[in-house]
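First comes the structure, then the notes that go with it.
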Amino acid sequence: MDAPNPKRIFRAPSVTSSVENPSSLPLAPGFNQSNVDVTVSSFLSLSDLPLFSSPLSIGCSFDRVLDKVISSDARTSGDDFDQDRFLDRTLQLASLLYESTKRCIRKRATLQNSISWPLLPELTTKVFSMLDTKSLMQASACCTMFNKCAMDRVCYSHIDLTLAAKDVDNGVVCIMIHRAGKELRSLKLGCVSLKSLLTRSCLAPLYFNHGFAGGLLRSLHLYNLILMDRKSICDVLAACSNLTDLKIVGFVSRDILNPLEQLASVTRNCRLMEHLFLENYYRSTADLTTDSNLVEFVDDCPNLTSLTLQHFALNDARARVIINGFRQLKYINLSGLHGISGCFLRFVSLFGSKLLMASEFDCRNLGHNCGDSPLETLLLRNCYTLEEREVLLFLNSLLAGDFKSIRHVDVSSNYGLLSDGGNRTFEPKFPIKELKKLRSSLTFVAIFPSSSSSSSSASSSSSASPSSSSSSSASASASSSASSSSSRPLNSFSSMKHKGRSSRRTSPSVDVKASQTTN
Numbered sequence: 113m114d115a116p117n118p119k120r121i122f123r124a125p126s127v128t129s130s131v132e133n134p135s136s137l138p139l140a141p142g143f144n145q146s147n148v149d150v151t152v153s154s155f156l157s158l159s160d161l162p163l164f165s166s167p168l169s170i171g172c173s174f175d176r177v178l179d180k181v182i183s184s185d186a187r188t189s190g191d192d193f194d195q196d197r198f199l200d201r202t203l204q205l206a207s208l209l210y211e212s213t214k215r216c217i218r219k220r221a222t223l224q225n226s227i228s229w230p231l232l233p234e235l236t237t238k239v240f241s242m243l244d245t246k247s248l249m250q251a252s253a254c255c256t257m258f259n260k261c262a263m264d265r266v267c268y269s270h271i272d273l274t275l276a277a278k279d280v281d282n283g284v285v286c287i288m289i290h291r292a293g294k295e296l297r298s299l300k301l302g303c304v305s306l307k308s309l310l311t312r313s314c315l316a317p318l319y320f321n322h323g324f325a326g327g328l329l330r331s332l333h334l335y336n337l338i339l340m341d342r343k344s345i346c347d348v349l350a351a352c353s354n355l356t357d358l359k360i361v362g363f364v365s366r367d368i369l370n371p372l373e374q375l376a377s378v379t380r381n382c383r384l385m386e387h388l389f390l391e392n393y394y395r396s397t398a399d400l401t402t403d404s405n406l407v408e409f410v411d412d413c414p415n416l417t418s419l420t421l422q423h424f425a426l427n428d429a430r431a432r433v434i435i436n437g438f439r440q441l442k443y444i445n446l447s448g449l450h451g452i453s454g455c456f457l458r459f460v461s462l463f464g465s466k467l468l469m470a471s472e473f474d475c476r477n478l479g480h481n482c483g484d485s486p487l488e489t490l491l492l493r494n495c496y497t498l499e500e501r502e503v504l505l506f507l508n509s510l511l512a513g514d515f516k517s518i519r520h521v522d523v524s525s526n527y528g529l530l531s532d533g534g535n536r537t538f539e540p541k542f543p544i545k546e547l548k549k550l551r552s553s554l555t556f557v558a559i560f561p562s563s564s565s566s567s568s569s570a571s572s573s574s575s576a577s578p579s580s581s582s583s584s585s586a587s588a589s590a591s592s593s594a595s596s597s598s599s600r601p602l603n604s605f606s607s608m609k610h611k612g613r614s615s616r617r618t619s620p621s622v623d624v625k626a627s628q629t630t631n
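Each step along the sequence shown adds one to the number in my numbering, with nothing skipped, and position 508 is 620.
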């Protein structure tokens with residue numbers, strides 16, 4: 113390779129601007145477009161000669177012509193600048209030919225796709241609207257026809273950028289939201305498994321132009337946006353009055369000791385909320401929540417049917433206030449909560465229009481009216497202070513006919529359950545056989561780590577958990593209960609219900625003893 117000429121001042125050719133705007137090239141005097149077309153056509157019509165293999169090859173012709181022109185300029189003017197300008201113009205012409213060839217290829221592909229593609233453009237747009245955002249971008253890069261269909265606003269109604277989180281920044285989010293415009297219905301941002309680097313301003317386009325983009329947003333999922341605090345989220349939600357589904361994994365509050373105090377401010381402008389999922393980024397251990405904040409939180413979301421609060425601190429009294437306040441609640445997940453013993457399970461009921469405060473909560477004076485509760489799923493996984501006795505009393509209430517709508521209960525824990533005396537048990541005794549008989553539609557899950565004395569419990573049922581995570585006898589029988597799909601009518605249910613209630617009220621310890629004998 114020849115050494116570069118040190119005397120030549122390198123000037124980068126403006127290839128991009130010339131390619132995008134061919135008219136920017138200087139025109140010679142007496143320019144005639146038809147003459148240029150004939151010249152280019154003659155050049156492109158040259159026969160296929162073997163490149164770089166003989167003196168007749170096109171490559172050698174290029175070399176000879178360029179050398180001849182450069183030598184001629186050197187003899188006439190001797191100005192290096194004119195020679196450099198000639199070479200730069202030659203590069204621009206080569207780039208124009210290259211870009212024109214690519215455009216021609218895309219046009220042919222578009223024509224071919226339009227002939228072979230079986231769907232109309234409207235239906236293609238509808239199909240593209242069902243793709244995740246990453247797949248939509250890949251489809252739009254295939255050809256011009258797909259690109260036109262993929263630019264329709266409807267295709268961006270449901271934006272999911274979690275699958276390409278590493279390549280997403282604030283600018284990408286802004287572009288996606290602007291493309292969706294008033295068609296935006298759901299938005300998922302962040303990284304499910306890692307911390308996201310998106311900043312607090314990434315959702316600013318939602319409240320630009322008086323909330324034009326966020327006004328019709330129905331679902332918002334944020335994963336591990338640790339740089340976005342509660343105040344930033346509240347600013348965004350103020351423009352999302354039609355939001356029905358909010359999920360925040362890695363909720364960051366300025367008040368680390370008491371993040372539940374911020375619930376009311378988060379949901380204040382979202383009265384249509386139906387599904388709320390909040391996972392606290394910092395594990396809370398102190399419950400300092402006030403009744404007024406809880407009542408405001410409950411009043412803000414009268415239509416809530418699904419609630420998940422993970423890794424917060426909450427006692428039984430306030431847990432009952434939350435569950436009791438949401439009259440349409442069907443799904444509740446309080447996994448990882450610190451401070452609940454399970455006492456609230458006995459007194460979750462509907463009291464008409466009266467919402468009792470935590471200060472009015474008295475385990476001894478409240479009646480039971482849980483039969484009409486719409487609750488279907490209850491998850492209390494890994495609750496450190498959950499007590500065996502309270503879970504047993506709750507199961508007895510199920511046998512007595514309470515919570516007729518409930519279908520799934522999970523009290524599994526890596527910490528076991530608290531038993532009498534403050535000890536932890538990994539082999540609780542629950543009335544599984546009775547549950548299987550009287551509540552055959554119920555799935556009860558209670559999986560705990562194996563202990564040194566639980567070797568005999570694994571063989572109590574043929575449908576126990578896999579050997580990789582051994583469970584107690586309760587979980588083994590629960591698995592077999594979950595697989596049972598019989599729905600035969602219950603015989604003598606009223607007497608069983610009466611018997612269960614009387615025994616639960618008089619002596620809970622009798623229930624514990626009775627359940628041990630049934631197993």
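Virtual Cβ for every residue (Gly too), placed ideally from N, Cα, C.
Assuming residue i contacts residue j under a Cβ cut-off of 8 Å, what Cβ separation, rounded to an integer in Å, is found between them?
i, j, result
"V348", "Y319", "6 Å"
"T236", "C261", "5 Å"
"L358", "L339", "Between L339 and L358 the Cβ distance is about 19 Å, and since that is not below 8 Å, they are no contact."
"L273", "V266", "Going by Cβ atoms, the distance from L273 to V266 rounds to 18 Å, so no, they are not a contact pair."
Where does residue i sit, in a helix, a strand or coil, going by DSSP?
i, result
"F174", "helix"
"L529", "strand"
"D185", "helix"
"L203", "helix"
"L309", "coil"
"D623", "In this predicted model, D623 has a pLDDT of only 34, less than 50, meaning its place in the structure is not dependable enough to derive any value."
"F560", "coil"
"S517", "coil"
"V407", "helix"
"K541", "coil"
"D194", "helix"
"P230", "coil"
"L209", "helix"
"C314", "coil"
Looking at residue i: is its Cβ nearer than 8 Å to the Cβ of residue j?
i, j, result
"F456", "A431", "yes"
"L529", "E499", "yes"
"F299", "C314", "Looking at the sequence itself, residue 299 is Leu, so the reference to Phe does not match. No, these two residues do not count as a Cβ contact at 8 Å."
"T497", "H520", "no"
"S524", "F560", "yes"
"L419", "L388", "yes"
"F542", "L504", "yes"
"T356", "S377", "no"
"F506", "G454", "yes"
"R312", "S269", "no"
"F174", "D185", "no"
"L406", "I444", "no"
"C352", "G326", "yes"
"P414", "K442", "no"
"M257", "S212", "no"
"I452", "N436", "no"
Per DSSP, residue i forms a beta bridge with which residues?
i, result
"S298", "H270, S331"
"Y443", "S418, T489"
"N392", "F363"
"L536", "The sequence shown places Arg at residue 536, rather than the Leu named in the question. Answer is L530."
"E499", "L530"
"L358", "L332, L388"
"A425", "H450"
Quick check: is the beta carbon of residue i nearer than 8 Å to any beta carbon in chain B?
i, result
"R430", "Here there is only one protein chain, and chain B is not present."
Could you tell me the boundaries of the alpha helix (DSSP H) in which residue i lies?
i, result
"G283", "282-292"
"L256", "The question names Leu, yet the displayed sequence has Thr at residue 256. Start and end: 256-262."
"F556", "Counting along the chain, F556 falls outside any alpha helix (DSSP H), though it belongs to the beta strand (DSSP E) covering 555-557."
"H450", "First-last for H450: undefined, no H or E at that position."
"I338", "No alpha helix (DSSP H) contains I338, which DSSP labels as neither H nor E."
"K545", "544-550"
"P233", "233-240"
"N147", "145-156"
"E380", "Checking the sequence shown, residue 380 turns out to be Arg, not Glu. Taken as a continuous stretch (DSSP letters only), R380 belongs to no alpha helix (DSSP H), as it is neither H nor E."
"G323", "320-323"
"L248", "245-252"
"R342", "342-349"
Along the beta strand (DSSP E) that carries residue i, what are the first and last residues, could you check?
i, result
"Q422", "418-422"
"V521", "520-522"
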